[in-house]
Structures are given as structure tokens and as C-alpha cells.
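Working notes for the structure below.
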Amino acid sequence: MSGNRFRSVGVAIALVLLATLPLWVGNSYYINVASQILLFAVFALALNVLVGYAGLVSLGHAGLFAIAGYAAALMLQAGYGHLAADTAAVVITLAASAIFAVLALRSTGIGFLMITLALGQIIWGIAYRWASLTNGDNGINVATRPAPFGINLTGAPGFYFATLLVFLLALASMAVFVRSPFGASLRGTRDQPLRMNALGYNVWLIRFFAVLFSGFWTAVSGLLFIYYNQFISPQVAALTTSAEILLMVISGGTATLLGPVVGAAIVVVMKNVVSAYIERWNLVLGVIFVLIISFMPDGLVPGSVRLWRWGWQTVRARLDGWISSPVEEHGR
Amino acid sequence: MTALVVQGLSKSFGGLRVTANVSLTVAPGERRLIIGPNGAGKTTLFNLITGNITPDSGSISLFGRDITRVPSHRRPHLGLARTYQIITLFPHDTILRNVTLALLGLLPLRWNPLVDLDRKEAIVARAREALARVGLDNIAERPLSQTSYGERRRVEIAMALAQNPKVLLLDEPYAGLSIDERQDVQKLLEKIPRDVTIVMIEHNMDVALDFADRITLLHFGEVIVEGTRAEVVADPRTREVYLGD
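Chains as they are written, first to last, in the working numbering: chain A, 1 to 332; chain B, 1001 to 1245.
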């Protein structure tokens, strides 16, 4: 029980820190960095559904992310309201996810990876080349941020709180999903697809729904992204985006709730903060990834938990030694 | 009424005929033993019956229903369960979760993304019951990675039994077991009520002889001999297959 209480206290502290972040950070630049971390964390959580829980590594998620962004940006440009544009963007991304799934789920492992990579590149190609639709390299401006229930999201704190709310919803949906029978089914298809099939599970359909679930949160993070930047260009759909998100998931720890969040924080901080001081920040990021993979191959979050337990046990063993040895002497 | 009928089943991989015109009729409650040397096509026959492999020709029916074209993941819902020769379990989960997954496979609950599986006490209690049947309820919470080979064999069987199958396919349930463990599994299998029809593959004839009502001998994908225990043992072709010329 003490472990659970420990966890509840940790969650409460984290929530308080997150909810009051604009107060103690103050500087709007850093509040914006925090917003970026949270929106990329939503994206990484979405990808983790496939990479971590389904065992399907996708390198095409930037394509889905960009589809949501472009769909909303184009509809806003055409004069539709935010609600209509965002809803349509999510629906279109879900449809695209379904197409991705039908094509990519013909295989798993490297096959799945290569098909998603190809599909992502097709989306990038369309964004880049179909200039009459996407305005090519010049991208599309998103004139305004939405004002849900009259709340102004123009300033950094306002946008941060909106992003935080979406992030917490995403995290909660993951927590519920992981413990649910469907979550157990999905992990089963990752570990023993053959046995799952023999137990009466429709492995293909379970994976299909997982791609849709992942696609949904990818779409939501794509919307946060265009509202944050108020701009979208083909760069968003590039392979580097897919790879970056995948690195977030792997470095933080696949199939964990917090791993993708930690991974997102590392990458975003490197890109935005460290890059101001170190010109070759990419090199630093690379070294960090190599260190993580070398010393904590299952990711930072599981690795730190192990390190913590090991440290705690060592300390306790020492303490026990100190406490018990005088008693022994006394006994003699 | 018959439990399982296989008619003229054939399957080739390239030029290799692994199943050649196999026909079987298994009565309800029967214990059928399928024997044959390595590479006789015994496991392939199971894979055809469960639908993991599609036959080139022939048909399979379960209690009078033609299941040749039924997708493999639907067949467990019709009362067909199997175990694997090579242990195929969920290594990251506890024994209890392994059996829970077996139960969940037949329930619509498996699609539910909103409830907490651990709080579905009815299904967890049923999983414990299934484990009690194989004598593993005392270590239900143990992660599978910390169990012995013999225990894993019993988990395999517990998972199949948890689904209350009408026809149970056992693929070499004694493979790799010590003599003591083998006796445990033997007792376990003898306890299975007669409303479950069992088809068992065994490579080693002596081990499972007592268990069988009827025996089918496969060789190079073909049925060589079929009959009662005494008939098959006495048949000169059995000796030929097993002992060579």
C-alpha cells in the first residue's frame, strides 16, 4: 500500500506543479516550451499505443499528424469555424489512419515499418508538391487560435492551460486503456499473436482499432501543433518528425505511461533551450540517446525506476546492517 | 453425431505434401491419439483443423457444422481449443493473467477499452478456478518468467480447459517433462470429463497409449493405420513405421 500512497503523492505534486507552471516560470518563452513539451507528449503517447502496446513500429505518424494539421488549416482558410475545422480534421485523420492500417497491417515488424514509412513519405510528397492545395513550401498560415467557451488562448499562459487540459485527457485515456480488457488484448497480440488467435481473438481487428486510437490522439496533437505555431508547412510531414517522435517514445520507455512524456521533454528542451547555448545541439541529443540506449536500453523511465529500487535496497541493507550489528554484539 | 470429422484433407508446401488425403472421424467424448514419427504431419494436421493453415482440398466439420471456411479466430468460439507443443504463453504476465486472457478471448468484454480488467472479479475468479483444476492456484500471482517448465505445461492445459472446449487438441502435452511431471499431467488429463472430446498428438507411443480409445498412425502426411489400441499396436505396419524394415 505504501507504494501506492507514494505514487498518489507523486501524482498530486506533479499536477500542482503543472497547474501552477505559468506562475513560477513567469517568462512566456519558457511557458511556450512547456506547451510544446505537452503537445509533443500527446503525439508520443499516441505513437506509444502502437510502438509500446501493439509492438508495431510506425515511421509514418508524421503523415497523420500533418493530415490533421493541413485539414484544419485549409478549412480555416476557407472560412469555416474552429469547431467545424477541428472536427473535420479529426474525422479525416481517422479515415487516413484506417487506410494506413489496412495497408500496413498486412504485415508486422520491418514490413509494417516500411509500409508506414512509405505512406508517410507519400503524405510529405503531397504536402510539398501539390502546391495548388497545400501552397507547397510556403505553407499555410492559421490566422487565429480558437476561443473555447470564450476563453482567450492567444497568450502563452492561456494556450498552456488548454494544452495541459488536452494532455491530461490523453494521459488519462491511456491509463484507462492500459488497464482495460482491450488493452490486455492488444498487449497479448504483441506478445503471442498466434496464441491470441487460437484463444478466439481477432488479432487483425484489435490492431486496426489500436491504429485508430493512436490516430485519434495524433490528430489532436496535430491540431495543438498548428494552433501553437499558427502555421504549417511540409516540414511537419517529413520523416525526421516521425523519427523524432519515435525517439521520444524509445528513449523515455516504450509501453510505459510516462516514458513518452519524459522523451518529449528531453527532445523539446534540447531543440529549444540547449540549442541557444550549443550550436551543435543535435550532436548532444545524439550522445544522450546513445547513453540512454547503452545504459538504460528499455528507456529512461523503466531504467530510473530500476536504479531507484536498487539504490533504495542498498541503502536499506546498509541501514539494517548498522541497526542489527550492535544488537548482535550485545547478544554475545 | 460426431465431434470432429476431417475428410480428404490435403496440404502441400511447394512440392512437399505434408498432409495427404487425411480423413478422421472422432466420436463425442472419444480420446483419440495421433502418433507418427517426426515430420509425419501431426502438428500440420492440428494447424489445419484450427485454421492456422488453409487446406488445399478437403473439409473439416465440428459437431456437424462445416468449419473449413470459418476464420481461425472464430473456431474457439465454436468449442475448439488447442495447446502447443512449443510452449506459447504470455511471458510478461502472471499465471493468473495468462488464464484470464484465455477466458477473455470468448467474451465480448475483450473489446471494452474503458473498464479495469483486474476489477472484473467474476472473470478473475473463474481464472482461479481453472488454475485450481490443474493445481496451480497457490502460485497464481507468480510471473510466468518465474515458473518451471512443468508448471508452464500445466498453464497451457489450464488455458485450454478454461475455455470449456467441446473438442480439445493437445499437441504433445508430455514433451520435455520429467517422469514426475509427466505423471502429474497424466492425472490431470484423466480427470477431464467425457463431455470433452480429446485429440492428442504424441511422438512417443508408449507414453500415451493407456489414454487412447482409438489411435491413428500418420506417416509422411498419410493415415497408415487406424483402429483401437490393440489393433494399431498389433498391426505390422506400425512396427514398420516405428522400427524401420
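Think of the CB as a built atom: it goes at the ideal place given N, C-alpha and C, for glycine as much as any other residue.
Boundaries of the beta strand (DSSP E) in which B:Arg1214 is found, first to last residue: As a position in the second sequence, residue 1214 of chain B is number 214, starting the count at 1. B:Arg1214 -> beta strand (DSSP E) spans 1214–1219.
Assigned secondary structure, B:Ala1122 (DSSP; H/G/I helix, E/B strand, else coil): Position 122 of the second sequence, counted from the first residue, corresponds to residue 1122 of chain B. The answer is helix: DSSP assigns B:Ala1122 an H, G or I state.
Segments assigned alpha helix (DSSP H), at least 4 residues, entirely inside the region 112–167 of chain A: The qualifying runs are 131–134.
Minimum Cβ-Cβ distance from A:Asp320 to chain B less than 8 Å: Locating residue 320 of chain A in the first sequence gives position 320, where the first residue counts as 1. No, A:Asp320 does not count as interfacial toward chain B.
Residue span of the alpha helix (DSSP H) that contains A:Ser294, given as start and end: Walking along the first sequence from the start, residue 294 of chain A turns up at place 294. First-last of the alpha helix (DSSP H) with A:Ser294: 281–295.
Cβ pair A:Ala237, A:Trp130 closer than 8 Å: Within the first sequence, residue 237 of chain A is the residue found at index 237, counting from 1. Within the first sequence, residue 130 of chain A is the residue found at index 130, counting from 1. No; because the gap between Cβ atoms is not below 8 Å, this pair is not in contact.
Interface partners of A:Val268 on chain B, CB under 9 Å: Residue mapping note: residue 268 of chain A aligns to position 268 of the first sequence, counting from 1. Those do not exist, as A:Val268 stays about 29 Å from chain B at its closest Cβ, beyond 9 Å.
Cutoff 8 Å: B:Val1115 Cβ touching any chain A Cβ: Sequence index remark: in the second sequence, residue 1115 of chain B carries index 115 (1-based). Chain A contact via Cβ: present.
Touch test, the region 145–158 of chain A against the region 12–28 of chain A, Cβ-Cβ under 8 Å, three pairs minimum: yes
Within-8 Å CB hit, A:Met1 to chain B: In the first sequence, residue 1 of chain A corresponds to position 1, counting from 1. With a pLDDT of 46 at A:Met1, under the threshold of 50, the modelled position of that residue is not reliable, and the figure given next carries that caveat. By this cut-off, A:Met1 is not an interface position.
Short Cβ contact (8 Å threshold) for A:Leu45 with A:Ser242: Locating residue 45 of chain A in the first sequence gives position 45, where the first residue counts as 1. Locating residue 242 of chain A in the first sequence gives position 242, where the first residue counts as 1. Taking 8 Å as the Cβ cut-off, A:Leu45 and A:Ser242 do not qualify as a contacting pair.
Residue burial classification, B:Leu1103 (beta-carbon count within 10 angstroms, cutoff 16): As a working mapping, residue 1103 of chain B is identified with position 103 in the second sequence. Burial is judged here by how many other beta carbons sit within 10 angstroms of a residue's own beta carbon; B:Leu1103 has at least 16 and is buried.
Contacts that B:Asp1171 makes with chain E (C-beta to C-beta distance below 8 Å): Note that chain E does not occur in the displayed structure, where the protein chains are A and B.
With 16 other Cβ atoms within 10 Å as the buried cut-off, status of B:Pro1236: Taking the first residue of the second sequence as 1, we reach residue 1236 of chain B at position 236. The residue in question, B:Pro1236, is exposed, as its Cβ has fewer than 16 Cβ neighbours within 10 Å.
Alpha helix (DSSP H) runs wholly inside the region 1010–1048 of chain B, at least 4 long, in chain order: none
Integer Cβ distance of B:Gly1150 from B:Glu1172, believed to fall under 8 Å: By one-based count along the second sequence, residue 1150 of chain B stands at place 150. By one-based count along the second sequence, residue 1172 of chain B stands at place 172. 14 Å between Cβ atoms; not a contact.
Under the three-state DSSP convention, the category A:Glu328 falls into: By 1-based counting over the first sequence, the position of residue 328 of chain A is 328. Bear in mind that a pLDDT of 49 at A:Glu328, under 50, signals an unreliable position, so the model cannot answer this.
Neighbour list for B:Thr1088 in chain A, Cβ cutoff strictly below 7 Å: The count along the second sequence starts at 1 and reaches residue 1088 of chain B at position 88. What B:Thr1088 touches in chain A: Gln192, Leu194, Arg195.
Nearest to B:Arg1069 (by Cα), restricted to the options B:Leu1089, B:Ile1034, B:Leu1048: Sequence index remark: in the second sequence, residue 1069 of chain B carries index 69 (1-based). In this structure, B:Leu1048 is the residue among B:Leu1089, B:Ile1034, B:Leu1048 with its C-alpha nearest to the C-alpha of B:Arg1069.
Sequence-distant residues of its chain with Cβ nearer than 6 Å to B:Asn1021 (five each side left out): Position 21 of the second sequence, counted from the start, is the residue given in the question as residue 1021 of chain B. Excluding positions up to five away in sequence, the list reads Gly1008, Ser1010.
Helix, strand or coil at A:Pro193 according to DSSP, with G and I counted as helix: Residue 193 of chain A sits at position 193 when you count from the first residue of the first sequence. Helix.
Span separating the alpha-carbon of B:Val1155 from that of A:Asp137: Sequence index remark: in the second sequence, residue 1155 of chain B carries index 155 (1-based). Sequence index remark: in the first sequence, residue 137 of chain A carries index 137 (1-based). Taking the straight line joining both Cα atoms gives about 58 Å.
Contact list for A:Asn4 against chain B, beta-carbon separation under 8 Å: Taking the first sequence and counting its residues from 1, one reaches residue 4 of chain A at position 4. Going along chain B, no residue has its Cβ under 8 Å from A:Asn4, so there is no contact; the nearest lies around 13 Å.
A:Asn202 at chain B interface by Cβ criterion, 8 Å: Position 202 of the first sequence, counted from the start, is the residue given in the question as residue 202 of chain A. Yes, contact with chain B.
Neighbourhood of A:Glu329 by C-beta distance below 7 Å, restricted to the same chain and skipping five residues each side: Along the first sequence, one-based indexing puts residue 329 of chain A at 329. Per-residue confidence for A:Glu329 stands at a pLDDT of 47, beneath the threshold of 50, marking its modelled position as unreliable; no derived number is given.
Continuous alpha helix (DSSP H) stretch holding A:Leu45: start and end: Position 45 of the first sequence holds residue 45 of chain A. A:Leu45 -> alpha helix (DSSP H) spans 28–48.
Chain-ordered chain A contacts of B:Ala1125 [CB-CB under 8 Å]: The count along the second sequence starts at 1 and reaches residue 1125 of chain B at position 125. Ordered by position in chain A, no residue passes the 8 Å Cβ test against B:Ala1125, which lies about 15 Å from the chain.
In DSSP terms, what B:Arg1074 is bridged to: Numbered from its first residue, the second sequence carries residue 1074 of chain B at position 74. Paired residues: none, contrary to the question.
Span separating the alpha-carbon of B:Val1026 from that of B:Leu1004: In the second sequence, counting from the first residue as 1, residue 1026 of chain B sits at position 26. In the second sequence, counting from the first residue as 1, residue 1004 of chain B sits at position 4. Spanning the two alpha carbons is a distance of roughly 5 Å.
With 16 other Cβ atoms within 10 Å as the buried cut-off, status of A:Ala147: On the first sequence, position 147 is the one that residue 147 of chain A refers to. Per the 10 Å Cβ criterion, exposed.
B:Ser1178 to B:Gly1014 span [Cα, whole Å]: For the purposes of this step, residue 1178 of chain B is taken as the residue at position 178 of the second sequence. For the purposes of this step, residue 1014 of chain B is taken as the residue at position 14 of the second sequence. If you take the alpha carbons of B:Ser1178 and B:Gly1014, they lie about 38 Å apart.
Collapsed DSSP secondary structure at B:Glu1190 in the structure displayed: As a first step, residue 1190 of chain B must be located in the second sequence, where it is residue number 190. Annotated three-state conformation of B:Glu1190 is helix, per DSSP.
Contacts that A:Val176 makes with chain B (C-beta to C-beta distance below 9 Å): Translated into the one-based positions of the first sequence, residue 176 of chain A becomes position 176. Near A:Val176 (Cβ distances below 9 Å), the residues of chain B are Pro1113, Leu1114, Val1115, Asp1116.
Inter-residue spacing [alpha-carbon to alpha-carbon] between B:Asn1098 and B:Pro1071: To locate residue 1098 of chain B, count along the second sequence from 1; it is residue 98. To locate residue 1071 of chain B, count along the second sequence from 1; it is residue 71. The alpha-carbon atoms of B:Asn1098 and B:Pro1071 are separated by roughly 23 Å.
Where A:Ala184 meets chain B, residues with beta-carbon distance less than 9 Å: Working through the first sequence from its first residue, we reach residue 184 of chain A at position 184. In chain order: Asp1093, Arg1097, Thr1100, Leu1101, Leu1104, Arg1110, Leu1117.
Where B:Asp1245 sits in the DSSP three-state scheme: On the second sequence, residue 1245 of chain B is found 245 positions in, with the first residue counted as 1. The predicted model places B:Asp1245 with a pLDDT of 48, which falls under 50 and marks its position as unreliable, so this point remains unresolved.
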